[in-house]
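Count along the sequence shown starting at 1, add 260, and that's the number in the numbering used here.
For reference, the structure discussed in these notes is given below.
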Amino acid sequence: MQTAKHSNPFRSLLTTALAAAAAVFQVGVTASDQTSPQPRVFFKTDFETADSLSCWNGSTRLEAGYHGGRSLAVENKHEGSEPSRIASVQIPVEAMRGYLVRVTAMAKAENVTSKPNPWNGVKCMLAIETPDRKLWPQAEIGTGTFDWQRVSFTTRVPMDATSARLVLGLEQVKGKVWFDDVSIVAVKPPVIRMKTGPVSQPFKGHNLPRLRGAMVSPDIDAEGLRVLGRDWNANLVRWQLVRHGRQGQSITMEEYNAWLESELKKLDVALPLCEQNGLYVVVDLHSPPGGRVTSGGYAGSDSQLFTDKACQKRFVEIWEHIARRYKDSKAVWGYDLANEPVEDFVEQGCDDWQALAERAARAIRAVDPARTIIVEPASWGNPDGLSDFVPLTVSNVVYSVHMYIPHSFTHQGVYGTGPALSYPGVIDGRHWDKAALERALRPVIEFQQTCGVHIYMGEFSAIRWAPGDSAVRYLSDLIDIFESHGWDWSYHAFREWHGWSVEHGPDRNNTKPLLTPTDRQLLLRKWYSHNQKPAW
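Structure follows, in structure tokens:
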């Protein structure tokens with residue numbers, strides 16, 4: 261796709277925003293304090309002016325719009341060699357650097373075919389470039405035929421961004437789509453934290469040199485916990501309260517409550533077994549109320565969790581209940597409030613993740629004054645999510661991220677076919693090695709050092725069929741980085757899905773565990789051998 265070369269008639273909207281780019285917030289400022297009462301507008305169009313399309317490139321034409329007027333229409337019949345039809349406009353990036361922005365549009369679709377990959381389909385996306393990486397945050401939009409609906413997503417624009425392009429259209433699918441009332445507005449200004457005083461020993465929630473373990477399936481049996489805790493000497497499991505289903509499937513709150521109780525009963529049975537095997541437990545609310553079922557087949561921390569006040573109220577109540585239920589448990593190390601939260605859109609009157617996490621943490625503290633609370637940042641618990649996250653005001657909090665960067669390497673072959681990608685090597689046009697991984701984790705390191713907090717790497721992995729010894733080399737480099745910074749960590753995952761299993765070999769068609777240890781299993785067990793066990 262070509263970038264726009266025309267002048268931008270919307271540049272005047274940026275004049276006042278440029279002067280505000282130096283707005284800063286210190287550690288401890290609440291989420292409500294960070295929300296501007298009059299959002300700054302970086303881009304806005306309703307396609308009603310005579311020059312509405314003058315700065316757009318690609319497939320552009322105007323048709324009837326939302327509530328009358330005009331809209332941008334994009335149609336793809338797959339006539340010819342182009343599998344996609346895209347319209348794009350260059351957005352001056354200088355004013356947006358460091359801002360958390362929300363991209364919103366009204367969209368309507370007709371006969372849009374199925375996506376070959378989860379990231380294809382109807383596109384409402386920002387293509388952002390920095391000197392060393394490219395980012396493609398986008399709205400999650402359905403297929404088929406649907407009437408006008410709001411699509412939206414939020415993203416933090418890197419401080420070193422060199423360009424930003426708004427992309428609308430159809431990618432790798434046939435059909436027709438219309439867009440209207442498109443805007444990019446500021447949600448939160450850049451965050452610059454004031455460094456805290458020296459912290460000799462940040463709160464960890466345990467007195468062991470390190471917690472090293474793995475994510476496990478909630479259906480793991482007693483033998484699996486024995487193997488992980490005794491034979492392998494792990495001292496931590498991340499226990500997921502995860503709801504599976506069909507993509508797009510929703511359930512009532514009554515059904516959700518019944519599901520949650522059934523999952524907590526599994527945990528009730530597992531906790532004594534974890535104690536017997538020297539395993540601390542992270543209680544991970546993988547599927548909070550209101551989350552939609554993702555392409556991965558489980559309900560995430562998104563959707564109605566940020567648009568429905570009743571779901572947010574229930575979320576806080578759930579953590580009160582869990583804290584009360586396990587207040588006297590020896591094995592529970594901490595409560596992971598929500599797995600990979602995604603606040604694509606926050607409805608007026610609802611809390612964003614920063615504020616909702618604070619509410620849930622305070623509710624836990626009212627029941628249990630000491631238990632570790634674990635918080636992941638939006639979006640998706642990615643490392644750069646800590647760039648704009650403010651530490652909670654409650655005590656005994658540990659901060660967590662997940663590491664699947666570069667995603668096209670770690671998840672190759674999970675959602676579709678593609679070229680085999682090796683590590684270290686060139687991936688997505690950039691050379692990836694241990695130094696590059698550490699750079700990707702730089703926001704976590706800076707958050708740890710600036711805020712004086714402890715870090716827990718809740719998930720990391722590489723698909724087992726990555727070429728040659730790529731997977732073990734990637735995992736080894738990551739663990740070296742974790743260890744050098746004193747982070748606790750849990751591998752994703754032990755006896756869950758075979759694609760992440762270190763007991764399975766590199767042949768993706770062989771779904772049975774190998775009789776001899778893989779190089780990935782030996783790597784984990786080497787590190788687990790250094791573990792000390794809890795003294796219950």
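We put the CB at the ideal spot given by N, CA and C, even for glycine.
State the DSSP-derived secondary structure class of residue i, mapped to helix, strand or coil.
{"i": "Thr403", "result": "coil"}
{"i": "Asn769", "result": "coil"}
{"i": "Gln461", "result": "coil"}
{"i": "Leu783", "result": "helix"}
{"i": "His671", "result": "coil"}
{"i": "His466", "result": "coil"}
{"i": "Glu600", "result": "coil"}
{"i": "His758", "result": "helix"}
{"i": "Leu485", "result": "helix"}
{"i": "Gln509", "result": "coil"}
With 16 as the cutoff for other CB atoms within 10 Å, does residue i come out buried or exposed?
{"i": "Lys337", "result": "exposed"}
{"i": "Leu775", "result": "exposed"}
{"i": "Glu515", "result": "exposed"}
{"i": "Ser460", "result": "exposed"}
{"i": "Val713", "result": "buried"}
{"i": "Glu719", "result": "buried"}
{"i": "Lys772", "result": "exposed"}
{"i": "Val419", "result": "The amino acid occupying residue 419 in the given sequence is Met; Val does not appear at that position. Exposed."}
{"i": "Met513", "result": "exposed"}
{"i": "Thr653", "result": "exposed"}
{"i": "Trp796", "result": "exposed"}
{"i": "Ala620", "result": "buried"}
{"i": "Thr320", "result": "buried"}
{"i": "His504", "result": "exposed"}
{"i": "Thr632", "result": "buried"}
{"i": "Asn791", "result": "buried"}
{"i": "Gln298", "result": "exposed"}
{"i": "Ser744", "result": "exposed"}
Under 8 Å: does the beta carbon of residue i sit that close to some heavy atom of the ligand ATP?
{"i": "His546", "result": "Within the structure as shown, the ligand ATP is missing, as the structure has no ligands at all."}
Note the first and the last residue of the continuous alpha helix (DSSP H) segment covering residue i.
{"i": "Met214", "result": "The chain is shown from 261 up to 796; residue 214 falls before or after that span and cannot be answered."}
{"i": "Trp492", "result": "Neither: Trp492 is in no alpha helix (DSSP H) and is coded neither H nor E."}
{"i": "Arg574", "result": "569-585"}
{"i": "Gly594", "result": "From DSSP, Gly594 is part of no alpha helix (DSSP H) but of the beta strand (DSSP E) over 592-596."}
{"i": "Phe742", "result": "730-744"}
Identify the continuous beta strand (DSSP E) that holds residue i and give its terminal residues.
{"i": "His691", "result": "690-692"}
{"i": "Ala367", "result": "360-372"}
{"i": "Cys315", "result": "From DSSP, Cys315 is part of no beta strand (DSSP E); its letter is neither H nor E."}
{"i": "Phe707", "result": "Looking at the DSSP string, Phe707 is not in any beta strand (DSSP E); the run it does join, the alpha helix (DSSP H), is 702-711."}
{"i": "Asp612", "result": "It is not in any beta strand (DSSP E) - Asp612 carries neither H nor E in the DSSP assignment."}
{"i": "Leu430", "result": "423-431"}
{"i": "Val657", "result": "657-663"}
{"i": "Ala333", "result": "330-336"}
Considering only residues of the same chain and omitting the five flanking positions on each side of residue i, which have a CB-CB separation below 7 Å?
{"i": "Asp544", "result": "Arg498, Trp499, Gln500, Leu501, Asp596, Asn599"}
{"i": "Glu483", "result": "none"}
{"i": "Val411", "result": "Ala365, Ala367, Cys384, Ala399, Ile401"}
{"i": "Glu698", "result": "Ile741"}
{"i": "Ser668", "result": "Leu681, Ile687, Asp688"}
{"i": "Lys523", "result": "In the sequence as presented, Lys is not what sits at residue 523; that position holds Glu. Taken in chain order, the residues that qualify are Pro478, Leu501."}
{"i": "Gly759", "result": "Val674, Ile723, Arg724"}
Tell me which residues share the same chain as residue i and place their Cβ nearer than 6 Å to its Cβ, disregarding the 5 neighbours each side in the sequence.
{"i": "Tyr586", "result": "Val592"}
{"i": "Lys464", "result": "His714"}
{"i": "Leu488", "result": "Ala494, Phe754"}
{"i": "Leu496", "result": "Leu471, Gly473, Tyr540, Ser750"}
Among the residues of its own chain, which have a CB less than 8 Å from the CB of residue i, if the five just before and after it don't count?
{"i": "Gln262", "result": "With a pLDDT of only 32 at Gln262, under the threshold of 50, the placement of this residue in the model should not be trusted; the figure read from the coordinates follows. Here the set comprises Asn317, Gly318, Ser348."}
{"i": "Val602", "result": "Gly560, Ser561, Asp562, Ala638, Ser639, Trp640"}
{"i": "Ser555", "result": "Pro378, Gln507, Tyr675"}
**Asked** Does the region 350-364 come within contact of the region 375-382, defined as at least 3 CB pairs closer than 8 Å?
**Response** No, because fewer than three Cβ pairs between the region 350-364 and the region 375-382 fall closer than 8 Å, the two stretches do not touch.
**Request:** Indicate whether the contact test is met: 3 or more Cβ pairs, each with one atom in the region 500-520 and one in the region 528-536, closer than 8 Å.
**Result:** These segments do not touch.
**Item:** Cβ pair count under 8 Å reaching 3, the region 428-447 against the region 319-334
**Value:** Cβ pair count under 8 Å is three or more, so yes.
**Request:** Taking 8 Å as the threshold, find out whether the region 631-651 comes into contact with the region 675-694 through three or more Cβ pairs.
**Result:** At 8 Å Cβ cutoff, the stretches do not touch.
**Message:** Across the region 379-394 and the region 297-314, are there enough close Cβ pairs to call them in contact, namely three or more that are closer than 8 Å?
**Reply:** No, because fewer than three Cβ pairs between the region 379-394 and the region 297-314 fall closer than 8 Å, the two stretches do not touch.
**Message:** Using 8 Å as the cut-off, can you tell me whether the region 419-427 makes contact with the region 676-686, which would need three or more C-beta pairs spanning the two stretches below that distance?
**Reply:** Because the criterion of three Cβ pairs below 8 Å is not met, the region 419-427 and the region 676-686 do not touch.
**Asked** Contact between the region 442-457 and the region 733-746: three or more CB pairs below 8 Å?
**Response** The region 442-457, when compared against the region 733-746, does not touch it at the 8 Å Cβ threshold.
**Prompt:** Between the region 546-558 and the region 575-583, do at least 3 Cβ pairs fall closer than 8 Å?
**Reply:** Contact check between the region 546-558 and the region 575-583: three or more CB pairs, one atom from each, fall below 8 Å, which counts as touching.
**Message:** For the pair the region 783-791 and the region 502-509, tell me if three or more CB-CB distances fall below 8 Å.
**Reply:** No, the region 783-791 does not touch the region 502-509.
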